[in-house]
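Novice: Note that the protein sequences, when read in sequence, are chains X and S. At position 122 of the first sequence (counting the first as 1) the number is 122 in the numbering used here, and the numbers step up by one without a gap. At position 34 of the second sequence (counting the first as 1) the number is 1034 in the numbering used here, and the numbers step up by one without a gap. No residue lacks a Cβ here, since even glycine has one placed at the ideal position from N, Cα and C. Fair warning: this is a prediction, and the values are worked out from it, not measured in the lab.
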Amino acid sequence: MRVQDTILVPQIPYFHTNSTSPRQLAKSMISLRSYIQRLYLVRCWQEYKLLFFLAIIFIGAVLYGHKSSCEVTPALVMGMYAGREQRSADDFLVITADNELLDLHHTLDEPRRMMIYSTLSAFYQAVPYQGAPAGEDPKAPAIRELVRKHPYMRLLSSHAMNAKEDYGQYLPWLLQYIRHSVKRDIQHLGIYQLHVHYDKQNLPVADYRKILYELESPHTK
Amino acid sequence: MSWSLPILNRDRAARWTFGFAFFIFVYRLLTHSLVHQMQQPVLYETDFDYTYWLYHLTGVPRLLADNKFPAWAFDILLLFFTSYSWATSGRYRWAVLCCAIGWTLYGLIYNSYSHHHNASIIGVMVLPYAFLLQKERKFRLMWEGFRYFYLYIFTDAFIHKALIKHSLFFLPNGAEFIKTNQALFMVQHPDSLLTELYAWVITHPMVAYLGFLTMILLQGCMLIGFFTRKWDRWLFWIPILFHTMNLLFIDVFFYELLILNLTLLPLSRTSDDGK
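1) Closest to Leu51 of chain X by CA distance: which of S:Arg1062, S:Leu1097, S:Trp1143 is it?
2) Let me know the secondary structure DSSP gives Tyr198 of chain X once reduced to three states.
3) Output the distance between the C-alpha atoms of Gly1225 of chain S and Pro1266 of chain S, rounded to the nearest integer angstrom.
4) Output, in sequence order along the chain, the residues in the stretch 91-105 of chain X whose CB is closer than 8 Å to any CB in chain S.
5) Helix, strand or coil, according to DSSP, for Gln187 of chain X in the structure here?
6) Mark Pro1128 of chain S as exposed unless 16 or more other C-beta atoms lie within 10 angstroms of its C-beta, in which case mark it buried.
7) Can we count Asn162 of chain X as close to the ligand NAP, meaning its CB is less than 7 Å from some heavy atom?
8) List, in order along the chain, the chain S residues whose C-beta lies closer than 7 Å to that of Pro74 of chain X?
9) Flag Ile1109 of chain S as yes if its beta-carbon sits less than 8 Å from any beta-carbon of chain X, otherwise no.
10) Under 8 Å by Cβ, that's how I've got Ser1114 of chain S and Met153 of chain X pegged, so tell me the actual separation to the nearest angstrom.
11) Between S:Leu1108, S:Phe1139, S:Ala1199, which lies nearest to His987 of chain S when the distance is taken from Cα to Cα?
12) Would you report the Cα separation of His1160 of chain S and Asp207 of chain X, rounded to the nearest angstrom?
13) Distance, Cα to Cα, Met1215 of chain S vs Lys164 of chain X?
14) Express the C-alpha separation of Asn1246 of chain S and Ile1202 of chain S in angstroms, rounding to a whole number.
15) With a cut-off of 8 Å on the beta carbons, I'd call Leu1043 of chain S and Asp185 of chain X a contact; round off their distance for me.
16) CA-CA distance, Leu1034 of chain S and Phe1025 of chain S?
17) Hey, does Leu156 of chain X have any beta-carbon neighbour from chain S nearer than 8 Å?
18) Would you give the residue range spanned by the beta strand (DSSP E) that Asp1156 of chain S belongs to?
19) Name the DSSP bridge partner or partners of Val72 of chain X?
20) Note the first and the last residue of the continuous alpha helix (DSSP H) segment covering Leu215 of chain X.
21) Interface residues of chain S around Gln86 of chain X at Cβ under 8 Å?
22) Would you mind giving the Cβ-Cβ distance between Thr1195 of chain S and His1189 of chain S, rounded to the nearest angstrom? I have them listed as a contact below 8 Å.
23) For Tyr177 of chain X, which of S:Thr1031, S:Trp1016, S:Ser1004 has the nearest alpha-carbon?
24) In three-state terms, what does DSSP make of Glu223 of chain X?
25) Under three-state DSSP, which class holds Val94 of chain X?
26) Looking only at its own chain, which residues have a Cβ that is under 7 Å from the Cβ of Leu41 of chain X, when we skip the five neighbours before and after it?
27) Using CA coordinates, which residue listed in X:Arg84, X:Leu32, X:Leu93 is at the minimum distance from Leu189 of chain X?
28) By DSSP, does Leu1008 of chain S sit in helix, in strand, or in coil?
29) Identify the continuous alpha helix (DSSP H) that holds Asp1191 of chain S and give its terminal residues.
30) What's the gap between the Cα of Leu38 of chain X and the Cα of Leu1097 of chain S?
31) In this structure, how does DSSP classify Ala1087 of chain S when only helix, strand and coil are distinguished?
32) Using 8 Å as the limit for Cβ to Cβ distance, is Glu1144 of chain S near chain X?
33) Using the Cα positions of Gln1037 of chain S and His180 of chain X, report the straight-line distance between them to the nearest angstrom.
34) Would you verify that the beta carbon of Leu1184 of chain S is, or is not, closer than 8 Å to some beta carbon of chain X?
35) Counting only Cβ-Cβ distances shorter than 8 Å, please list the residues of the stretch 1047-1058 of chain S near chain X, keeping chain order.
36) Counting only beta-carbon atoms, is Arg1137 of chain S nearer than 8 Å to chain X?
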């Protein structure tokens, strides 16, 4: 099958710039018109205006996202993994269930891992140790500043953060989720911080681990 | 080469899109991440993303995720509308609309409650909307729009790495990506063959960098798609290779995004041109 080459940015037509012939000029104008008509946005405008406006909104959201670092899904900003940093050490959160390591290392297990470790990491940033009076979303100061500068954002941002009291319910939820997702009747959950440094060859070496939170089963029901 | 990619028409595109969505549903079921499997989560993450802010302002995620019955009902309906749209090749707009909205809500719920705004689910969140359009010409325009959206995802990442943050030219980056993403695995599984492989690559930073450079340049190749469709048969394989290498070395699972690979397949016209 021959693929019709209707494209976003077609090849720019050849112009007879040194020609003064009216016929050549007309030919060039026709090819320019044909070029413009093949542009995706022009075709959207001609055939389906709603899609044209959606495309414009998307492009606007992408530009805004790049300028402000505030995304508007699905206009994603894909630059998040583009760092330039050389790490000498890292801290990882690890979980033991009844004194056994909860090992969800397989990449295919990513959705479940995210539900456990990504939420735990967020909780740890808000409530760094057991017995802390209350948690606070790490982005709270930035949102307060945003609302101070732009008061019209108050309503939109009103549910952008967790309530402080919600943090107290997290660990029981985590235990319940792990019990259901690994299908084991876990009685005791231990959450540790594992410190790793990178040696001269850049390979990870585990240094120590310290306990952060502990939870017993009765909390769940 | 003589081989070519399969040619889609609207019906086949619908079959493959909703079929892919069905497999995503099964994958999510097996990895305990459907709404009813979340066990009424309490904390969510909206990041600095106004879509998520608006979504949580409506109270819909709480309504669906906080109670067992709505969560079960949502998942069952999502499965039903996905299967029905697959079986009918997306001919019934009400079913397609319910399916598309369902996947959008699911993506926002999962990304919120997993505290990770994962781009891999974005494909199934948007692509089903194309089948709301019954007229061939409008459908083709929309489908083409999703093709550009897919190309944008890779191109934007390339531009950030090459032109904005210049991480492409940072030699330690290849080993750094593997090191930081696999450190926990290497520490916990010192005898694994994969640990040996990662250790070898990390201790040969030029090899790691060449791998990293290749991956970024492959992302950059997707830029070609903005100028011509003739290369789509080659571009089609780039995301598959890219996500496979990510899975092996960076511990990231992005195969769900491959639903948008369908937009790189040639699309033939049906007899009705929708005029």
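Specialist: Let me spell this out:
1) Numbered from its first residue, the first sequence carries residue 51 of chain X at position 51. Looking at the Cα atoms, S:Trp1143 is the closest of the given residues.
2) Residue mapping note: residue 198 of chain X aligns to position 198 of the first sequence, counting from 1. Reduced to three states, the DSSP call for Tyr198 of chain X is strand.
3) Position 225 of the second sequence, counting from 1, holds the residue named residue 1225 of chain S. Position 266 of the second sequence, counting from 1, holds the residue named residue 1266 of chain S. Answer to the nearest angstrom: the Cα atoms are 13 Å apart.
4) Phe92, Val94, Leu101, Asp103, His105
5) Counted from its first residue, the first sequence places residue 187 of chain X at position 187. Coil.
6) Position 128 of the second sequence, counted from the first residue, corresponds to residue 1128 of chain S. By the neighbour-count rule (16 or more Cβ atoms within 10 Å), Pro1128 of chain S is buried.
7) In the structure shown, the ligand NAP is absent, as is every other ligand, since no ligand is present at all.
8) Position 74 of the first sequence, counted from the start, is the residue given in the question as residue 74 of chain X. The answer, in chain order, is Ile1122, Met1125, Val1126.
9) Working through the second sequence from its first residue, we reach residue 1109 of chain S at position 109. So, not an interface residue.
10) The sequence position of residue 1114 of chain S within the second sequence is 114, counting from 1. The sequence position of residue 153 of chain X within the first sequence is 153, counting from 1. Not really, about 25 Å apart at Cβ, beyond 8 Å.
11) Nothing about residue 987 of chain S can be read from this structure; chain S reaches only from 1001 to 1275.
12) Counting from 1 along the second sequence, the entry for residue 1160 of chain S is found at position 160. Counting from 1 along the first sequence, the entry for residue 207 of chain X is found at position 207. Going by the C-alpha atoms only, they are around 35 Å apart.
13) The residue you call residue 1215 of chain S lines up with position 215 of the second sequence. The residue you call residue 164 of chain X lines up with position 164 of the first sequence. Their Cα atoms are separated by approximately 42 Å.
14) Here residue 1202 of chain S refers to the residue found at position 202 of the second sequence. Here residue 1246 of chain S refers to the residue found at position 246 of the second sequence. For Ile1202 of chain S and Asn1246 of chain S, the distance between alpha carbons rounds to 15 Å.
15) Your numbering for residue 1043 of chain S matches position 43 in the second sequence. Your numbering for residue 185 of chain X matches position 185 in the first sequence. Not a contact, Cβ separation roughly 24 Å.
16) Looking up residue 1034 of chain S in the second sequence gives position 34. Looking up residue 1025 of chain S in the second sequence gives position 25. Near 8 Å, if we compare the C-alpha coordinates of Phe1025 of chain S and Leu1034 of chain S.
17) For the purposes of this step, residue 156 of chain X is taken as the residue at position 156 of the first sequence. Closer than 8 Å: yes.
18) Mapped onto the second sequence, residue 1156 of chain S falls at position 156. Not the beta strand (DSSP E): Asp1156 of chain S falls in the alpha helix (DSSP H), residues 1136-1159.
19) Within the first sequence, the letter at position 72 stands for residue 72 of chain X. X:Ala75, per the DSSP bridge assignment.
20) The count along the first sequence starts at 1 and reaches residue 215 of chain X at position 215. First-last for Leu215 of chain X: 204-216, but that is the beta strand (DSSP E), not the alpha helix (DSSP H).
21) Within the first sequence, the letter at position 86 stands for residue 86 of chain X. By Cβ distance, chain S contributes Pro1172, Glu1176.
22) Working through the second sequence from its first residue, we reach residue 1195 of chain S at position 195. Working through the second sequence from its first residue, we reach residue 1189 of chain S at position 189. Yes, Thr1195 of chain S and His1189 of chain S are in contact; Cβ-Cβ is about 6 Å, under 8 Å.
23) Sequence index remark: in the first sequence, residue 177 of chain X carries index 177 (1-based). For the residues S:Thr1031, S:Trp1016, S:Ser1004, the minimum Cα distance to Tyr177 of chain X belongs to S:Thr1031.
24) Residue coverage of chain X in this structure runs from 1 to 221, which leaves residue 223 of chain X outside it and unanswerable.
25) On the first sequence, residue 94 of chain X is found 94 positions in, with the first residue counted as 1. It is a strand residue.
26) Taking the first sequence and counting its residues from 1, one reaches residue 41 of chain X at position 41. Counting only Cβ-Cβ distances below 7 Å, and skipping sequence neighbours, we find Phe52, Ala55.
27) Position 189 of the first sequence, counted from the first residue, corresponds to residue 189 of chain X. That would be X:Leu93, whose Cα lies nearest to the Cα of Leu189 of chain X.
28) Reading the second sequence from its first residue, position 8 is the one you call residue 1008 of chain S. If DSSP states are grouped into helix, strand and coil, Leu1008 of chain S belongs with the strands.
29) Position 191 of the second sequence, counting from 1, holds the residue named residue 1191 of chain S. Looking at the DSSP string, Asp1191 of chain S is not in any alpha helix (DSSP H), and its letter there is neither H nor E.
30) Locating residue 38 of chain X in the first sequence gives position 38, where the first residue counts as 1. Locating residue 1097 of chain S in the second sequence gives position 97, where the first residue counts as 1. In the sequence on display, residue 38 of chain X carries Arg and not Leu. For Arg38 of chain X and Leu1097 of chain S, the distance between alpha carbons rounds to 30 Å.
31) Taking the first residue of the second sequence as 1, we reach residue 1087 of chain S at position 87. Reduced to three states, the DSSP call for Ala1087 of chain S is helix.
32) Mapped onto the second sequence, residue 1144 of chain S falls at position 144. Glu1144 of chain S counts as touching chain X.
33) In the second sequence, the residue the question calls residue 1037 of chain S occupies position 37. In the first sequence, the residue the question calls residue 180 of chain X occupies position 180. When rounded, the distance between both Cα atoms is 8 Å.
34) Position 184 of the second sequence, counted from the first residue, corresponds to residue 1184 of chain S. Output row for Leu1184 of chain S: interface = yes.
35) Asp1047, Phe1048, Asp1049, Tyr1050, Thr1051, Tyr1052, Trp1053, Leu1054, His1056, Leu1057
36) Start at 1 with the first residue of the second sequence, and residue 1137 of chain S comes out as number 137. Answer yes: the Cβ-Cβ gap between Arg1137 of chain S and chain X drops below 8 Å somewhere.
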